[in-house]
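Participant:
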DNA sequence: CGTCGTATTGATCCTCGTCAAAGTTAGTGG
DNA sequence: CCACTAACTTTGACGAGGATCAATACGACG
């Protein structure tokens with residue numbers, strides 16, 4: 001049934017979304033990346049308190065980062081879609097704060113962190129790109145915080161559905177209103193700060209109101225306008241483009257500095 | 001009454017906390033910074049949808065970044081202490097996502113974003129430092145998300161109190177159990193996702209249980225152990241130190257590359 | 001001294017969490 | 001291919017935590 005299908009992308013295909021790299025910059029990155037390798041659903045890429053050693057580019061499959069409290073409770077911090085680079089938020093620290101867990105089978109590549117400081121020395125524009133990619137992941141989390149702080153159960157799910165749709169659209173894939181979402185309701189509840197049971201109820205309610213339909217591993221957005229209204233969702237707030245001041249007026253497309 | 005007293009710090013005093021800069025690197029940064037200027041309580045440093053033009057280093061005073069929904073609701077995303085650099089999360093985007101508002105009178109310096117790409121070119125270690133500082137701010141927000149997702153009102157406040165104490169201690173200031181906290185209960189409620197009224201009640205409860213005392217603009221932590229227990233707070237999770245792999249084994253102290 | 005922002009307190013209601021049981025799907029091994 | 005089990009989802013009943021409304025009290029400041 002092929003739930004997660006995505007072209008295999010290299011890290012740079014994510015990183016150079018905003019800054020077009022030169023051949024040399026591409027080579028510097030590829031030199032760092034490991035060969036792609038397969039991971040299974042439930043596999044973890046890292047554990048809390050470990051020393052970060054790699055970034056991971058997610059070529060295929062979905063993952064999430066989550067926090068485990070000692071009282072066995074888990075909070076999901078972010079979802080990672082095919083194409084995302086994992087570990088950006090942690091790699092400057094001595095210890096991971098989160099667990100990274102595969103939500104589906106997948107394929108990843110590892111980039112050793114030990115090589116990154118050389119990137120900063122040799123390829124400033126790649127470094128800028130890293131900074132930008134990090135900030136973009138942070139905005140996802142900030143966005144979720146806003147959602148959780150300000151919205152009730154119904155609006156939270158509405159917001160989440162739109163958010164994921166928006167992120168999927170941003171990867172350049174098809175933008176159908178129906179897409180796969182490999183999340184259990186438990187995970188969804190941990191992501192939005194509500195009980196598993198209430199997620200189920202709220203999804204039913206949203207289905208009754210003909211706003212979103214959810215079955216199995218997929219989700220179907222029926223009424224964008226109404227959803228956006230009740231969720232306070234403004235897509236323009238997600239504008240992903242780089243600050244021209246940051247990249248230095250116009251982003252150079254061809255040159256070697 | 002002097003509620004916010006802190007030595008005036010320059011940006012680099014924050015940035016080089018982890019990577020010791022060379023003289024040349026120091027000069028490059030100072031060349032960018034504006035003269036310190038005064039701001040008043042309630043002043044805003046930026047508004048949503050504006051193009052980010054400056055980072056701001058907070059020399060004196062407290063600030064916060066917050067999100068305004070169109071239905072007049074506000075969610076506080078982060079608090080900024082003297083010494084923090086503001087704008088790190090937004091400056092790579094074309095538009096600000098948040099509002100930055102001074103919680104007290106203060107003194108700030110501005111760093112034009114247009115100069116930052118030159119820093120990336122000329123001073124890779126400063127760029128790395130920026131990356132590290134950004135990630136550290138993000139961890140605050142992530143931390144708050146965990147707090148809000150997993151804890152009830154009581155634990156949220158407990159967690160928040162410990163978090164701020166920890167951050168204050170990290171600035172190198174005195175680590176008394178009693179410190180100023182220039183926050184109204186309204187702001188606190190917007191920060192923790194609960195109603196203003198319930199903040200008041202919960203604070204009373206915490207005072208009754210002899211865990212934390214709050215009056216006026218200050219807060220007094222009475223029982224660290226118990227607070228940490230009910231809040232799931234593990235200070236070691238906040239370890240701030242740089243990943244040695246990222247900075248390249250041992251951080252060079254003297255050299256010019 | 002009056003006014004405004006802020007804090008406290010009480011009463012009521014409702015959203016959502018919890019517990020429990022049944023129903024459903026997927027995965028496994030014979 | 002079927003049977004069994006484990007994981008996931010749905011539904012119901014109940015109660016608790018917290019929101020809301022409203023009135024009062026407490027500073028701070030002009």
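Residue numbers (the UniProt record's numbering), protein chains in the order written: chain G, 1 to 257; chain V, 1 to 257. For every residue, glycine included, the Cβ atom is placed at its ideal position computed from N, Cα and C.
(1) Just to make sure I have the definition right: I need the residues of chain G whose C-beta is within less than 8 angstroms of the C-beta of residue 53(V). Which are they?
(2) Is the Cβ of residue 85(G) closer than 9 angstroms to any Cβ of chain V?
(3) Between the alpha carbons of residue 235(G) and residue 225(G), how many angstroms are there, rounded?
(4) Distance cutoff 9 angstroms, beta carbons only. Does residue 132(V) sit that close to anything in chain G?
(5) Any idea what DSSP makes of residue 215(G), helix, strand or coil?
(6) Quick one, which of 153(V), 163(V) and 177(V) has its alpha-carbon nearest residue 197(V)'s?
(7) In terms of residue numbering, what span does the alpha helix (DSSP H) encompassing residue 128(G) cover?
(8) Could you pull out every residue in the same chain whose Cβ sits closer than 6 angstroms to the Cβ of residue 40(G), ignoring the five residues on either side in sequence?
(9) When DSSP labels each residue in this structure, what does residue 1(G) get in the three-state scheme?
(10) Quick one: measure Cβ to Cβ for residue 158(G) and residue 211(G), integer angstroms, because I've assumed they're closer than 8 angstroms.
(11) Within the 9 angstroms Cβ cut-off, does residue 56(V) reach chain G?
(12) Would you list the one or two residues that DSSP bridges to residue 221(G)?
(13) Anything in chain V within Cβ reach of residue 239(G), meaning under 8 angstroms, just list it in chain order.
(14) Name the chain G residues whose beta carbon is nearer than 8 angstroms to that of residue 224(V)?
(15) Report, in whole angstroms, the separation of the C-beta atoms of residue 239(V) and residue 95(G), which I expect to be a contact under 8 angstroms.
(16) Would you mind working out which of 48(V), 47(V) and 100(V) sits nearest residue 57(V), comparing C-alpha positions?
(17) Can you grab the Cα-Cα spacing for the pair residue 76(V) / residue 23(G), in whole Å?
(18) Per DSSP, what are the beta-bridge partners of residue 173(G) in this structure?
(19) Could you have a look at residue 60(G) and say whether DSSP puts it in helix, strand or coil?
(20) With a threshold of 9 angstroms between beta-carbons, can residue 135(G) be considered close to chain V, or not?
(21) Give the DSSP bridge partners of residue 54(G), in chain order.
(22) I need the boundaries of the beta strand (DSSP E) containing residue 100(G), first residue and last residue.
(23) Taking the alpha carbon of residue 72(V) as the reference point, which residue from 216(G), 247(G) and 232(G) has its own alpha carbon closest?
(24) By a C-beta neighbour count over all protein chains shown, 10 Å radius and 16 as the cutoff for buried, is residue 37(V) buried or exposed?
(25) For residue 112(G), would you say it is in contact with chain V, using Cβ-to-Cβ distances shorter than 9 angstroms as the test?
(26) Within the same chain, show all residues whose beta-carbon is closer than 6 angstroms to that of residue 18(G), passing over the 5 residues directly before and after it, in chain order.
(27) Around the C-beta of residue 172(G), are 16 or more other C-beta atoms found within 10 angstroms, so that it is buried, or is it exposed?
(28) By the 10 Å Cβ neighbour count, where 16 or more other Cβ atoms means buried, how is residue 92(V) classified, buried or exposed?
(29) List the residues of chain V whose Cβ lies closer than 8 angstroms to the Cβ of residue 193(G), in chain order.
(30) So the candidates are 139(V), 223(V) and 86(V); which of them puts its Cα closest to the Cα of residue 162(V)?
(31) On the CB-based measure, 16 or more other CB atoms within 10 Å of its CB, does residue 175(G) come out buried or exposed?
(32) Run the CB neighbour count on residue 31(V), radius 10 Å, all protein chains shown included, and call it buried at 16 or more, exposed below.
(33) Could you have a look at residue 233(G) and say whether DSSP puts it in helix, strand or coil?
(34) Measure from the C-beta of residue 235(G) to each C-beta in chain V and report whether the shortest distance is under 9 angstroms.
(35) Compare the beta carbon distance of residue 183(G) and residue 138(G) with 9 angstroms and say whether it is the shorter of the two.
Facilitator: Reading it off the structure:
(1) 245
(2) no
(3) 11 angstroms
(4) yes
(5) strand
(6) 153(V)
(7) 124 to 150
(8) 105
(9) Here residue 1(G) scores only 33 on pLDDT, less than 50, and its place in the model should not be relied on; the value that follows carries that caveat. The answer is coil: DSSP assigns residue 1(G) none of H, G, I, E or B.
(10) 7 angstroms
(11) no
(12) 212(G)
(13) 93, 94 and 95
(14) What residue 224(V) touches in chain G: nothing, since even the nearest Cβ is about 17 angstroms away.
(15) 6 angstroms
(16) 100(V)
(17) 43 angstroms
(18) Answer is none; residue 173(G) lacks a bridge partner.
(19) strand
(20) yes
(21) 112(G)
(22) 99 to 102
(23) 232(G)
(24) exposed
(25) yes
(26) 132 and 242
(27) exposed
(28) buried
(29) 148, 149 and 150
(30) 223(V)
(31) exposed
(32) exposed
(33) coil
(34) no
(35) no
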